[in-house]
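To keep things clear, I will list the structure first and then write my remarks on it.
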Amino acid sequence: MTNNKQRIAIIGGGIMGVTLAYRLSQQDFAVTVYERGPSLGGLASYFDYDGIRIDRFYHTILSSDMSMQDLIEESGVADRLHFTETKQGFYDGGKLYPFNTPMDLMRFPPLNIIQRFRLGLQVIYAQFESDWQTIDQIPVEHWLLKVSGRGVYNKVWQPLLRAKFDTVSEDVPATYIWSRLKRMMGTRQGVTSKEMMCYLENGYYTLIEAMAAACEQRGVDFKLNTGVDEIVIENGAATAIQTSDGRTEPYDIFVSTLPSPVLAPLIPGAAQAFRKQLSSQAYLGVLCPLLILKRKLTPYYVLNITDSSIPFTAVVETTNLIDPQHVNNHHLVYLPKYLAPDNEMAQWPDDKVEAEWMRYLKQMFPDFDESWIEDFIVQRARYVEPIRPMGTLDQIPSIKTPVGNLYMGNTVMIYPSLGNGEAVTSFASRMIEQILQDVRG
Ligand SMILES: Cc1cc2nc3c(=O)[nH]c(=O)nc-3n(C[C@H](O)[C@H](O)[C@H](O)COP(=O)(O)OP(=O)(O)OC[C@H]3O[C@@H](n4cnc5c(N)ncnc54)[C@H](O)[C@@H]3O)c2cc1C
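This is the structure:
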């Protein structure tokens, strides 16, 4: 059956790899997916806990994420998608403040009345800005100061930037905040500005599993626990894959979904300049403890933290989005910390992370009682968010690489979109267009 079909190897079984397999197997290709880990999902994978699946990292789908919702519908799991109204808050000066509606903004005590108005104006201004190539040449601080002013910048934006980047550097482009403001406003419903988000029961893995099942019916071969050690390149073109279990397997087309610095050492036969372009791409990592509680901690899905002495970036209580009944009535609180590549916290052992995180959590919530805790589970990932300094757009790789037969896609390339399921699955469609165009001549 597969003899006449072009053979495609997809490297990486995260949501991008599985989406590519799902779509390419609908075309006339014989598809094999190589995944180094024991299960599919990558950053969107899960762990088993108390008889249920829990997302390693928090994952929400926005009501405006149509590529994700189309895939969910098509793969037959739409009945497991739930829309909920969510709330956000701010932690400032030892207090929690709601931050959801224009009224919340108008009452936001950490800012004076003029500053509140300027903050609102900044959010509106971002919605009307569409020329991202121009703002990509403006440092984020300059762009924010122009509309928000120094007071709002120091009180709100700078702590948020520091938390997200682990440091505030001069060469972060304005596009970074602009993309976030655009995306978040896409979740607002009607004049009440209520924020609607959705979740899949048992997390993103529910979609990945459904797509993988459809793929297997079409003959896709998922090779789990099989890392790719090398993509063999002969005369400038990829010809075969060498796997961690010692095999060499030939293919016609190769598609990498790996982070750029992870792909670089797998292609020793590629030009030095291309490998250097990939390996020099910096990424933020994440240290993301999950606190499993017997009871609710806050009323918010996200509590942003403006106090820079607190080691974590935010308090993300996903069971204010997810119905706790879908997670055996546990309450799930993620406490992420984004890490610059040289941050030594990445090496901290789990018990040190737990001691430090709990110290600050008790400071934030004086009523917090250790008897509420069911578990504290530390999750980590090294390649999470690409860092794109100003003036480096020409360093973003193309889908069609300089190596013959080798295509690539990762979150570096979805710029100026943010790294999320929506952007990754939409980008997979662009990759498929490129592959089909080349194959069909
Ligand atoms: C803390 C956190 C919160 C997030 N929140 C959200 C959210 O709310 N909403 C949202 O939509 N997105 C969110 N995301 C982002 C989302 O998880 C990612 O954008 C998405 O999962 C990336 O998928 P991917 O397939 O591109 O990459 P990855 O998931 O990184 O997949 C790459 C795969 O390649 C495999 N691999 C690596 N090396 C090899 C090798 N040599 N051979 C074979 N396989 C290999 C890896 O094991 C992995 O499975 C969040 C991420 C994090 C970390």
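Sequence positions in the sequence shown follow my numbering and run 101 to 541. Using N, Cα and C, we set each Cβ at its ideal position, and we do this for glycine too.
Measuring straight from C-alpha to C-alpha, what distance separates residue 449 and residue 111? Linking residue 449 to residue 111 through their CA atoms gives a straight-line distance of about 30 Å.
Is the region 382-393 in contact with the region 430-440, if contact means three or more CB pairs nearer than 8 Å? Cβ pair count under 8 Å is three or more, so yes.
Between residue 451 and residue 459, what straight-line distance do the alpha-carbon atoms span, to the nearest angstrom? Distance between the alpha carbons of residue 451 and residue 459: 12 Å.
Going by beta carbon distance, what residues of the same chain come within less than 7 Å of residue 476, once the five residues before and after it are set aside? Only residues of its own chain outside the window of five on either side were considered, and among them 389, 391 and 454 have a CB closer than 7 Å to the CB of residue 476, listed in chain order.
As assigned by DSSP and simplified to three states, the class of residue 291: Low confidence applies to residue 291: its pLDDT is 44, below 50, so where it sits in the model is not reliable, and the reading given next is rough at best. Here DSSP, grouped into helix, strand and coil, assigns residue 291 to coil.
Contact under 8 Å by Cβ, residue 227 with residue 248: Going by C-beta atoms, residue 227 is not nearer than 8 Å to residue 248.
Of all the options 525, 492, 467 and 524, which has the alpha carbon lying nearest to the alpha carbon of residue 237? Selection 525, 492, 467 and 524 evaluated against residue 237 yields 492 as nearest (Cα-Cα).
Indicate the three-state DSSP secondary structure (helix, strand or coil) for residue 118 in the structure shown. In this structure, DSSP gives residue 118 a helical state, which the three-state scheme calls helix.
Spatial neighbours of residue 243 in its chain, beta-carbon cut-off 8 Å, leaving aside the 5 residues before and after: So the list reads 235, 274, 277 and 278, once near-sequence residues are dropped.
Proximity test, residue 115 beta-carbon vs ligand 1 heavy atom, cut-off 7 Å: The beta carbon of residue 115 sits closer than 7 Å to at least one heavy atom of ligand 1.
What is the DSSP secondary structure of residue 499, counted as helix, strand or coil? In the three-state reduction of the DSSP assignment, residue 499 falls in the coil class.
Is it buried or exposed for residue 373, if we count other Cβ within 10 angstroms and need 16 for buried? Counting the other CB atoms within 10 Å of its CB gives residue 373 a total below 16, which places it among the exposed residues.
With a threshold of 8 Å between beta-carbons, can residue 301 be considered close to chain D, or not? Among the chains in the structure shown there is no chain D, since it carries only a single protein chain.
DSSP puts residue 147 in a beta bridge; with which residues? Per DSSP, 154.
Take the Cβ of residue 132 as the centre, count every other Cβ of all protein chains shown within 10 Å, and call the residue buried at 16 or more, exposed below. With 16 or more other Cβ atoms within 10 Å, it is buried.
Report yes if the C-beta distance between residue 630 and residue 360 is below 8 Å; otherwise report no. This structure leaves residue 630 out entirely; the chain is present only between 101 and 541.
For residue 505, name the three-state secondary structure that DSSP assigns. DSSP, read as helix, strand or coil, puts residue 505 in coil.
Residues bridged to residue 487 (per DSSP): For residue 487, which the question treats as bridged, DSSP gives no partner whatsoever.
Limits of the alpha helix (DSSP H) - the one that residue 242 falls within: Its alpha helix (DSSP H) spans residues 240-252.
CB residue 306 to CB residue 480, shorter than 8 Å? Cβ distance not < 8 Å, so residue 306 and residue 480 don't count as in contact.
Alpha helix (DSSP H) containing residue 216: first to last residue? That run of the alpha helix (DSSP H) goes 213-228.
For residue 414, tell me which candidate among 423, 387, 422 and 425 has the shortest Cα-Cα distance. Per the C-alpha coordinates, the member of 423, 387, 422 and 425 positioned closest to residue 414 is 387.
Please classify residue 450: does DSSP put it in a helix, a strand, or coil? DSSP places residue 450 in helix when its eight states are reduced to three.
Within the same chain, show all residues whose beta-carbon is closer than 6 Å to that of residue 524, passing over the 5 residues directly before and after it, in chain order. Counting only Cβ-Cβ distances below 6 Å, and skipping sequence neighbours, we find 115 and 116.
Just verifying my parser: in three-state terms, what is the DSSP assignment at residue 351? In the structure shown, residue 351 adopts coil according to DSSP, grouped into three states.
How long is the line joining the alpha carbons of residue 500 and residue 220, rounded to whole angstroms? CA-CA distance, residue 500 to residue 220, rounds to 41 Å.
Hey, out of 366, 193 and 183, whose CA is closest to residue 464's CA? The candidate whose alpha carbon is nearest that of residue 464 is 193.
What three-state label does DSSP hand residue 404 in the structure shown? Looking at residue 404 - three-state DSSP - the assignment turns out to be strand.
To which residues of the same chain is residue 285 closer than 8 Å at the C-beta, ignoring the five residues directly before and after it? Within the same chain, residue 285 has close Cβ partners 223, 226 and 227.
Relative to the C-alpha of residue 329, which candidate in 319, 312, 349 and 337 has its C-alpha closest? Of the candidates 319, 312, 349 and 337, the one whose C-alpha sits nearest the C-alpha of residue 329 is 349.
Going residue by residue through the region 250-336, where are the continuous beta strand (DSSP E) segments of at least 3 residues, counting only ones entirely within it? The DSSP assignment places 294-300, 321-323 and 328-334 as complete runs of the beta strand (DSSP E) inside the region 250-336, in order along the chain (cut-off: 3 residues).
Range covered by the alpha helix (DSSP H) that runs through residue 169: For residue 169, the enclosing alpha helix (DSSP H) stretches over residues 166-174.
What is the rounded straight-line gap between the Cα of residue 527 and the Cα of residue 470? The alpha-carbon separation between residue 527 and residue 470 amounts to approximately 44 Å.
Residues near residue 101 in its chain [Cβ-Cβ closer than 6 Å; skip 5 each side]: Since pLDDT at residue 101 reaches only 42, below the 50 mark, its modelled position is unreliable, and no value is offered.
Cβ neighbour criterion (16 or more within 10 Å) applied to residue 170: Exposed is the call here.
Is residue 111 a contact residue of ligand 1, with contact defined as CB to any heavy atom under 7 Å? Here the distance from the Cβ of residue 111 to the nearest heavy atom of ligand 1 is below 7 Å.
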